Structure formats: C-alpha cells, structure tokens
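Novice: If you scroll down you'll find the structure; I have some questions about it.
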Amino acid sequence: MRIRSVCTLPAAVTVAATVAGGSLSWAPAASAQSIDPTPSTSASPTPKNAAETESGGVIILKKDPGGDVLAGAAFTLFDPAGKEAASGKTDAQGQLALKDLTPGVYRLKETSSGSPLHATVDDQDVIVTPGVDTPLTIVDPFKDASVLLKAKDDKTGKPLAGSVVNIGSGDKTLLTLTTGSDGMASGKLPTNSRNSSNFWVKQIKAPDGYEIYKPSKTFQAKPGDPVTVTVTNAKTATTPPPTHEPTDKPTEKPTGRPSEKPTPDKPGKDEATPTPSAPATDTPTTHETTSSTAAPAPKGSLARTGADATPWLIGGAGVLVAAGGGALLAARRRRTDDSAENS
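Take the sequence shown: its letters are residues -32 to -1, 1 to 311, numbered as in mature numbering (1 follows the signal peptide of the UniProt record, and there is no 0).
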C-alpha cells in the first residue's frame, strides 16, 4: 500500500496519520508552540521625552510707553474652559515665563500693572505652540488724569449750565466737555509722560445770557492725578443805562403839555390871560386893580400878569386903611372940639 505524506499542516495543531486494517485515518496529536513569535496586542511604548516636545509656553516682557521695563505686573492665563492654567508677576527685568502648557488658545488677563502711574491692558488671546515658548511684549499705557470742569458766574459764583470747552495739548484737542445743570462736567485726559504734562482749556460756547470767555487757560497734570478747571463768565449787557432810554417812547406824564384842568390859583404855563385871585367888590379896590392891570408896565420891569397883581392889591388896601384911620381920627378930634365949645 502506498502512503501519501502531508506537507502542509495547521500552525497550532500537528495531525498524525496511522494505518489501521488497511484504511487511512487522521487523529490529532499533541499541540506544539509555534516557532514564530505572536504579535502583541498592547499599545506601543511611549517614546522618551514625548511630553516635553508636545508642551509649550509663553514668555512675557512688560514695558511702558517710554520703553522702561515694569516689575511687579501680575498676569493670569485661562484655558479654553475658563479655568486658570498659570499665573505670576514680572521680575526686575520685566519678564514672566509661563511654561508646561498644553498647546491651544488661552486667554491672558493683566490683573495689576504694578505701578501707580500705569494702567492695565485689555484681555487678549495667546496661542501656545507645541515645543515653543512664544514671546509676548506688553506695553502698559500711562493712567489718564481725571478732569473736573466747573463753570460759574464771575460775580455771584452761581453754577452755569451749557458751558462748552475744549481741552488739549499743543495743537491737538483731546477732550470736549459740556457743563450740566449743576455747572460741572468730568472726563478722562490721556497723558504720555511720567512727569507733569501741559494742557490748555478754551471755551467755545458760553452759557445762555453770558459773554464767552475768550482767553485760553493752561494747567498741568500727572498720570492718575485729579485736576479741577474753573471757567467764569460775565453776564451779557441786555438793559441799557437809564440815561440812554429810547426817546420815541412817550412818558406817562408829558412835561410839554399844559394841564387839562388848571387850578384857579395855578394857571397853566401856556395860558395868556391870568385868573383873578380874589372876587370883585364895590370898593375902589376893583377899579384900582383894573386900572393898574391895564396900565403899561414901568420901564425896566416885566409885564404884569394876574400872578404879580397881588402886591398892588395889598398896597391899595393899605392906603385905604390909612385913609380910613385918618378920617376916623379927624372925626374924633372934631367931636372933642365941639364938646369943648359947648361946655
């Protein structure tokens, strides 16, 4: 009998052929380990220093507008979830290193400038790159000066609303303020130096009823300083002096008109015929008064009117009294003489 050999067998099992009663049968034999190694299903080993190459960092350099470095500035770095990832303050060289950061986009916030003269910058995004320390220069501006504007009446000190002024430096206007009902207005004035800066104030609109203040005022201010500027205004002359009253407006009591109802003893100025000051009687006084009124005025005297007839009346009355007294005295003497003759 011819037996055929098996050349190819499974890797994990060896099968043996036996002859029994002239027939061929197959039976499994004991398993044997494969010579070739079996690949591992576990993860490949992590290369050495892989974590270091994948992280990144940020190097901050802090300065002011003049180029001087600023120490003590505080920064905080937040990850995309808003969680704090790193923080610190700049050293004497104005530097701060934030390292071992997972690559990505972070939010950088300056919490303090570390200087009374400088302000902080706005928040900004920072990109962290794997294996790189990203340099970042931050310039803190000088703090603004606080300006308080006051407008007043130059005589009474009353606050004035509606005063508009420009505030600037050199040939540049930096701020425009308008006073409110309390006569005040406030604003922020930018500065650009550690030392005091020079500024000017000019009024461009005066309050209603007041003259504009034409001259320019000057003042100085340091970063962060509070400054008060006062502008005074004089009232506009709207009422002319009494001596300059308009002549086309008639007065309540015109002086050029005669009185409509002159009194008997006070004739009007334009009357030509005087009113007699006493009633006429049967005595010679009436005749003398009439004749004296009709008589021509003596040379060198003014024309007589009813106003100057009084002295003549008084004189005439005196003459009559004297004449009557003389007649009475003569009558008495005559009676005395008659009595003496009869006795």
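Glycine included, each C-beta is placed from N, C-alpha and C at the ideal position. All of these numbers come straight from a predicted model, not from anything done at the bench.
So, for GLY177: in the same chain, excluding its five sequence neighbours on each side, which residues have a beta-carbon less than 8 Å away from its beta-carbon?
Specialist: Only LYS203, THR204 and THR206 meet the Cβ criterion.
Novice: If you measure between the beta carbons of LEU104 and VAL26, is that distance less than 7 Å?
Specialist: Contact flag set, yes.
Novice: Alpha carbon to alpha carbon, what distance is there between GLY284 and LEU297?
Specialist: So the alpha carbons of these two residues sit roughly 20 Å apart.
Novice: If you compare alpha carbons, which of GLY192, ALA295, TYR74 and VAL195 is closest to THR102?
Specialist: Selected option, being the one with the closest Cα: TYR74.
Novice: Can you find a heavy atom of the ligand HEM that lies under 6 Å from the Cβ of SER184?
Specialist: This structure does not include the ligand HEM; it has no bound ligands of any sort.
Novice: Over the uninterrupted beta strand (DSSP E) stretch that includes PHE167, give me the two end residues.
Specialist: Its beta strand (DSSP E) spans residues 165 to 173.
Novice: Since I believe SER149 is in contact with VAL115 (beta carbons under 8 Å), could you give me their beta-carbon distance rounded to a whole number of angstroms?
Specialist: Their Cβ separation, rounded to whole angstroms, is 19 Å, which puts VAL115 and SER149 out of contact at 8 Å.
Novice: Going straight from the alpha carbon of MET152 to that of GLN63, what length do you get?
Specialist: One C-alpha to the other measures close to 43 Å.
Novice: Under the three-state reduction of DSSP, which class applies to VAL199: helix, strand or coil?
Specialist: VAL199: strand per DSSP, three-state reduction.
Novice: Beta carbon of ALA42, beta carbon of LYS57: below 7 Å?
Specialist: Cβ distance < 7 Å, so ALA42 and LYS57 count as in contact.
Novice: What does the alpha-carbon distance come out to for the pair ASP32 and GLY125?
Specialist: Roughly 42 Å separates the two Cα atoms.
Novice: Would you check if the distance between the CB atom of ASP68 and the CB atom of SER23 is smaller than 7 Å?
Specialist: A contact, by the Cβ cut-off of 7 Å.
Novice: Between which two residues does the beta strand (DSSP E) holding SER55 run?
Specialist: 52 to 57 is the extent of the beta strand (DSSP E) around SER55.
Novice: Taking only three categories from DSSP, how would you classify ALA60?
Specialist: Of the three classes helix, strand and coil, the one that applies to ALA60 here is coil, per DSSP.
Novice: In terms of alpha-carbon separation, which member of ALA60, VAL96, SER80 and LEU85 lies closest to PHE46?
Specialist: Per the Cα distances, VAL96.
Novice: State the beta-bridge partners of ARG75 as determined by DSSP.
Specialist: Its beta-bridge partners are PHE46 and ASP93.
Novice: Hey, which unbroken runs of the beta strand (DSSP E) at 3 residues or more fall wholly within the region 79 to 151?
Specialist: DSSP runs (the beta strand (DSSP E)) wholly in the region 79 to 151: 92 to 96, 101 to 107, 113 to 121, 132 to 137 and 140 to 146.
Novice: Can you tell me whether DSSP reads residue 314 as helix, strand or coil?
Specialist: The question about residue 314 has no answer here: the residues shown for the chain are numbered -32 through 311.
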